[in-house]
Amino acid sequence: IISLADEACTALASAHAMTDGWDPTRFPLTVQLSANLMRNTNRGKLIAEALAVHKGRTTVMVQSTVKDDSGRLLATVTATQIVPSS
295 IISLADEACT
305 ALASAHAMTD
315 GWDPTRFPLT
325 VQLSANLMRN
335 TNRGKLIAEA
345 LAVHKGRTTV
355 MVQSTVKDDS
365 GRLLATVTAT
375 QIVPSS
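Taking this note's numbering, the leading residue of the sequence shown gets 295, the next gets one more, and so forth.
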């Protein structure tokens, strides 16, 4: 669950860092991650959503949530990612 939330954060930060297309030299790296796991599940689908809280030149801060397919909140994650300069 936490890994899925981190993937959602990285996908959003990548979209911010690579506006002109894929550039592996600009791939964001997670430098801080804080997670809160409210509940677990062993069935159904998981849905992760991410929202950028801060989009700077060198860092991106993203909050993501993971819910089950019934809409129950499973986890929240806040991640700070550094964007390497090209």
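Ideal Cβ positions, reconstructed from N, Cα and C, are used throughout, including at glycine.
Residues near residue i by beta carbon distance below 7 Å, same chain, minus five either side
i       : result
Thr-374 : Val-325, Gln-326, Thr-353, Met-355
Ser-308 : Phe-321, Pro-322
Distance between residue j and residue i (C-alpha atoms, nearest Å)
i       : j       : result
Lys-381 : Leu-331 : With the chain covering 295 to 380 only, the question about residue 381 has no answer from this structure.
Asn-334 : Gln-357 : 19 Å
Ala-344 : Ser-328 : 14 Å
Leu-367 : Ile-296 : 12 Å
Lys-349 : Leu-306 : 10 Å
Residues near residue i in its chain [Cβ-Cβ closer than 6 Å; skip 5 each side]
i       : result
Ala-311 : Arg-320, Pro-322, Val-377
Asp-363 : Gly-338, Lys-339
Ala-302 : Ala-342, Ala-344, Ser-358
Thr-372 : Ser-328, Gln-357
Proximity to residue i [Cα-Cα], best of the options
i       : options                            : result
Thr-313 : Arg-351, Glu-301, Val-347, Ile-296 : Arg-351
Thr-370 : Ala-342, Asn-336, Ala-305, Ala-346 : Ala-342
Asp-300 : Ser-379, Pro-318, Ala-346          : Ala-346
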